[in-house]
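Residue numbering for the sequence shown is 6 to 70, as defined by the numbering used here. Think of the CB as a built atom: it goes at the ideal place given N, C-alpha and C, for glycine as much as any other residue. Only a predicted model underlies this, so the values are computations on that prediction, with no experimental measurement involved. First comes the structure, then the notes that go with it.
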Amino acid sequence: MDKQDVIDIADGLKMIEDGVEKIQTVMREKKIKSIREVAAELIPMLKEGDQEINESIIRHLEKSK
């Protein structure tokens, strides 16, 4: 591993940490007890083809490439 690899890994870990904090904040605000509750709402929305959510997820994934 070179210096850039270590920096890239550290950046990735920071992104994960930020994501976890964001998830925890929303879950606390909405009083969501588990990820299963989130999945129970998210999965049907995705299956129904909610275009707004699907497009939002696709845009987000494209940004992170």
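What does a CB cutoff of less than 7 Å around residue i pick up in its chain, not counting 5 residues either side in sequence?
| i | result |
| --- | --- |
| Lys19 | none |
| Val43 | Ile37 |
| Arg64 | none |
So does residue i have its beta carbon nearer than 6 Å to some heavy atom of the ligand SAM?
| i | result |
| --- | --- |
| Gly24 | Ligands displayed in this structure: none; no statement on the ligand SAM is therefore possible. |
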